[in-house]
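What follows is a set of notes on a single structure, which appears directly below.
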Amino acid sequence: MNLVVVAFLLLSPLLLVQSLDPAFNDDVLGLIVFKAGLTDPQSRLTSWNEEDNLACKWVGVKCDPNTNRVTELILDGFSLSGHIGRSLVRLQSLRVLQLSRNNFSGTINPILAQIPALESLDLSGNSLSGLIPEQLFQQCGSLKAVSLAKNNLSGLMPQSLSSCSNLQRLNLSSNRLSGQLLSELWSLRSLRLLDLSDNLFEGEIPGGVESLSELRVISLRRNGLVGWLPENLGNCLMLKTVDFSGNYFSGSLPLSMRKLGLCRYLDVRENSLTGEFPDWIGEMRSLEFLYISGNNFSGRVPSSVGNLQSLKEVNMSKNRFVGSLPESFGGCVNLKVVDFGHNSFSGNLPSWLFVLALESVSLSGNRYSGSIAFPVSWSQSFQSLQSLDLSSNALTGGIPVAIGNFSRLQALNVSRNSLTGSIPASVGELNTTRVVDMSHNQLTGSIPPEVGSAVSLQQLRLDSNLLAGGIPAGIGNCSSLTSLVLSRNNITGPVPGSITNLSNLELLDLSFNNLTGSLPKELTNLSHLVSFNVSFNDLEGELPVGGFFNTIPPSSVIGNPSLCGSIVKQSCPAVHPKPLVLNPNSSVSNHGPLPPNLRHKRIVLSISSLVAIGAAVFIALGVVIVSILNMHARTSMARSAAAFAFSGGDDFSPSHDTEANYGKLVMFSGEADFVTGAQSLLNKNCELGRGGFGTVYKTELRGGRSIAIKKLNTTSLVKCQDDFEREVKALGKIRHHNLVTLEGYYWTPSLQLLINEHVSGESLHKHLHDRGSDSCLTWQQRFSIILGTARGLAHLHQLSVIHYNMKSSNVLIDVSGDPKVGDFGLARLLPALDRYILSSKIQSALGYMAPEFACQTVKITEKCDVYGFGVLTLEVLTGKRPVEYMEDDVVVLCDMVREALDEGRIEECIDKKLKGNYPVEEAIPVVKLGLICASQVPSNRPDMEEVIRILELIQSPTENQQELE
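According to mature numbering (1 follows the signal peptide of the UniProt record, and there is no 0), the stretch in the sequence shown is residues -19 to -1, 1 to 946, in order.
Rendered as structure tokens:
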């Protein structure tokens, strides 16, 4: 390094020294020292030479031509790393500093505020952390644009921002900033862009936003904001982009928004907005993008949307719209993308659907009926449509031959309808299509050999139809296939050897057909195969050996009595006498019947029974100890509860995030107006039940909607408010049809309440065990409960949330008969996952608890929930409790069912209340699935996504149609 630079680095940290060389001006000094503190892996700054008198020809540097002083430093995307040091303060004429998309780390140096001419500061896309210093904006008279987006900044917004009167653009998005929004922001009258999206801001939007008359863009996307949208937002007449998506806003769209005639982008999806969608939306004539999905809008879509001639994309999915889509959409000639899925639209498909030049269409999950009618003559949609999803409706008739005319189609999904007829040969003309899903219909005929011409296919699903004939050999030409599912049909003949040409295949499911012959040995060459199922066919001969086939589970090949090999534990060429191999934990030998003198009419005490008894004793002792430890806290809890219960309605004002005298109430949905104030919440007359984590009460909001209040037992729960709120807010963001929604919470150090959605039906436990013999769940109801529960658990596991307390009393049945899993994730409120404490909390789950709870060295994972789900499945099928105590015996449900399965009398275990009114071909596979889920070894249990796929395979097509009806 040049000696001048070395000497400079040893001088004052404030860099106020004079240059040792008159030619070595301040700008050159500042930049050379700045470079010395950086790592430049791509050598982008090689032109920066300390021997130069001026820096004006250096890469990324611009100068004033009159003074030769540096005015702009633009180093975007140079892959630089290090800290942003003090030396840049020497660039006193610097107006633009852009260091975005690099790897700068550390905190933001507040000395940058001492660059008097600075107008634009862009540090986005780095790894900066810590607080935004208050000093950064205390001398910001010249600042017009600030972007600190996409870093790791935390803490509150600096109050000093309010002094930046000339600020036009402020982007703090994609950080971890928290707290309330500053009301002082609305004093920045020159502001044109405000982006605070993807942070942790909470509370309501302060009033006064209408003072930002120059505002063009406002984005508060994905925060924790509550309350109503700003009432006077429409007074910001220059707005072109409005994004409030991914929050907890409630109420309706503010009426003033009808004045936003220049607005092109409106996004309020994933909130809790309600009411009918306003007719005045047609006055926002510049709208190009309209996103309102994931709310609670109801009623009909107004015909005024036809006035939005500039509309390009609209997403109204996941609401409660009814009726038909207005024909006025046909006038939106610029429309390209529409998603109206998961509503209650009905009638025939809209006539304009295949007239416009749409690129993507989704009408899935509605109640559309009638046939699919493509235009007879040429349509511009034939050249434009890339994605078509009409799944989960009640469509009838056949699949039109004209399907082959869509030359750019990438994805076609018409699954879960009532379509009939054969698959048209024109599917072979879909040369660009990657996904075809026609599953769960009533299609007949054979798979057309022309399907082999659809060479771009990656996924082909034709399962759960009435298809016959053989698998066409030409399917081996679809070399891009990764997923081939033909299960649940009447397909016959051999598995063609050409399937072994599908070198990218990951999923192959040919189960529940009438396939014959032997499996091609070359299947072992499919190196990407991760899922393989040919169960319940008539295949014979030796299973392939090697590679993936050395690890496949027996469930992949069961129901083929003539298959042999190590997987089915049958040496070739002997015939397996009893292909019930879905029983990895049976304690009964399969080598022959038991001697008569060892057979009993009831189940004797097994090892599992002894373990259950020991666990019961252990837990009982734990309950006594925990109860003693709890006694000292009861007095303080009672005082807190009394203060809460009689503090009056003022503590629950519509502020939705109230710091009252006794605690803090937060309602994610924005509703906080209870019928009789706080005194109604913990009313013993409204008690619904008690569990390991607390007592549940019912109350009502002012609008008449019921909610459930869970008063948590405080012993061993988190005492730190920040920890409690972090965990509860995370749980509050979880939304699924089969999960009970967490709507809010109340906090004091000794009293914590969880505010949940109220499910008006009773628990699954009561349906199974507490009702008389006159009341009985049907087979279809039981199957739907098992499948819905599986879907709820799978959603939790996708979010890395373990339930820990899976049992029938935590599954609620709503008025529609759908299951909703509750009490999930409460173990996360424990200060640490102490198994003794956790076991005492869920003592009522005896029989559901996975055996690894008893072993400190085995990791607790989602497989614990799978075990509980398996026991619950057997409980639903048999109507018996997981553990039943007799006069001189203990009957463990899993043991009882396993023994019955081994002895070939499994039908005796099915709930007698069903009186034989159930399909045996479905009941037995579900029993086997329950036993696999309840395996003693965690690695033997499937994950919940696999469980869902197996259940969908078991369910017959006719029942799928009944579900749609």
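Note that CB positions come from ideal geometry on N, CA and C, so glycine has one too.
Fair warning: this is a prediction, and the values are worked out from it, not measured in the lab.
With a cutoff of 8 angstroms on beta-carbon distance, G232 and R203 are scored as not near each other. The Cβ atoms of F529 and F513 lie closer than 8 angstroms to each other. Spanning the alpha carbons of S28 and C44 requires a straight line of approximately 15 angstroms. Within the same chain, and ignoring the five residues on either side of F805 in sequence, the residues whose Cβ sits closer than 6 angstroms to its Cβ are L777 and H784. When the five nearest sequence neighbours on each side are left out, the beta carbons in the same chain lying within less than 8 angstroms of the beta carbon of N133 are those of S108, L109, S110, N156 and R157, in order along the chain. Non-local C-beta neighbours of S101 in its own chain, meaning closer than 6 angstroms and more than five positions away in sequence, comprise V77 and A126, ordered along the chain.
Judged by DSSP secondary structure, Y848 falls within the alpha helix (DSSP H) whose first and last residues are K844 to T859.
The beta carbon of P91 sits closer than 7 angstroms to the beta carbons of P114, Q116 and L117 from its chain, once the five residues preceding and following it are set aside; these are given in chain order.
Setting aside the 5 residues that flank it on each side, H64 is surrounded in the same chain by G18, F85, S86, G87 and N90, each with a C-beta closer than 8 angstroms to its C-beta; the list follows chain order. DSSP places D176 in the uninterrupted beta strand (DSSP E) bounded by L174 to D176. Along the length of the stretch 681 to 747, whole beta strand (DSSP E) runs at least 3 residues long occupy 687 to 693, 723 to 729 and 732 to 738, reported in chain order.
Annotation: P453 is outside any alpha helix (DSSP H) and is labelled neither H nor E by DSSP.
Excluding sequence positions up to five before and after K299, its CB lies within less than 6 angstroms of the CB of S274, G275 and H323, all in the same chain and listed in chain order.
In the structure shown, the three-state DSSP call for P430 is helix.
Two segments are said to touch when three or more pairs of C-beta atoms, one from each, lie closer than 8 angstroms; by this definition the stretch 500 to 515 does not touch the stretch 872 to 892. When only Cα atoms are considered, M648 and Q140 end up about 27 angstroms apart. Within 10 angstroms of the beta-carbon of N296 lie 16 or more other beta-carbons, which makes it buried.
Using a 10 angstroms sphere on the CB of V526, the tally of other CB atoms stays under 16, which defines it as exposed. Residue environment for N47: exposed (fewer than 16 other C-beta atoms within 10 angstroms of its C-beta).
A98 sits exposed, since fewer than 16 C-beta atoms from the chains shown fall within 10 Å of its C-beta. V796 is not a Cβ neighbour of G860, given a cutoff of 8 angstroms. Considered as a whole, the stretch 752 to 809 harbours 792 to 794 and 800 to 802 as its complete beta strand (DSSP E) runs of no fewer than 3 residues, in chain order. For V318, the three-state secondary structure derived from DSSP is strand. Per the coordinates, the alpha-carbon of H746 lies some 9 angstroms from the alpha-carbon of L793. The bridge partners DSSP lists for Q551 are G546. Linking V847 to E903 through their CA atoms gives a straight-line distance of about 20 angstroms. Apart from the 5 residues on each side of it in sequence, V436 sits with its Cβ closer than 8 angstroms to the Cβ of N412, N458, C459, S460 and S461 in its chain, given in chain order. With the rule of 3 Cβ pairs closer than 8 angstroms, the stretch 256 to 270 counts as touching the stretch 235 to 244.
For the pair L424 and T401, the CB atoms are nearer than the 8 angstroms cut-off. For G41, there is no enclosing alpha helix (DSSP H), as DSSP gives it neither H nor E. By the CB criterion at 8 angstroms, L895 and I767 fall outside the cutoff.
Per DSSP, K16 is one residue of the alpha helix (DSSP H) stretching across D7 to A17.
The alpha-carbon separation between C845 and P429 amounts to approximately 45 angstroms. For K679, DSSP records a beta bridge to A689. In terms of Cβ geometry, V476 and L465 do not form a close pair [threshold 8 angstroms].
Counting only runs of at least 3 residues, the stretch 499 to 546 fully encloses the following beta strand (DSSP E) elements, listed from N- to C-terminal order: 512 to 514, 521 to 523 and 543 to 545.
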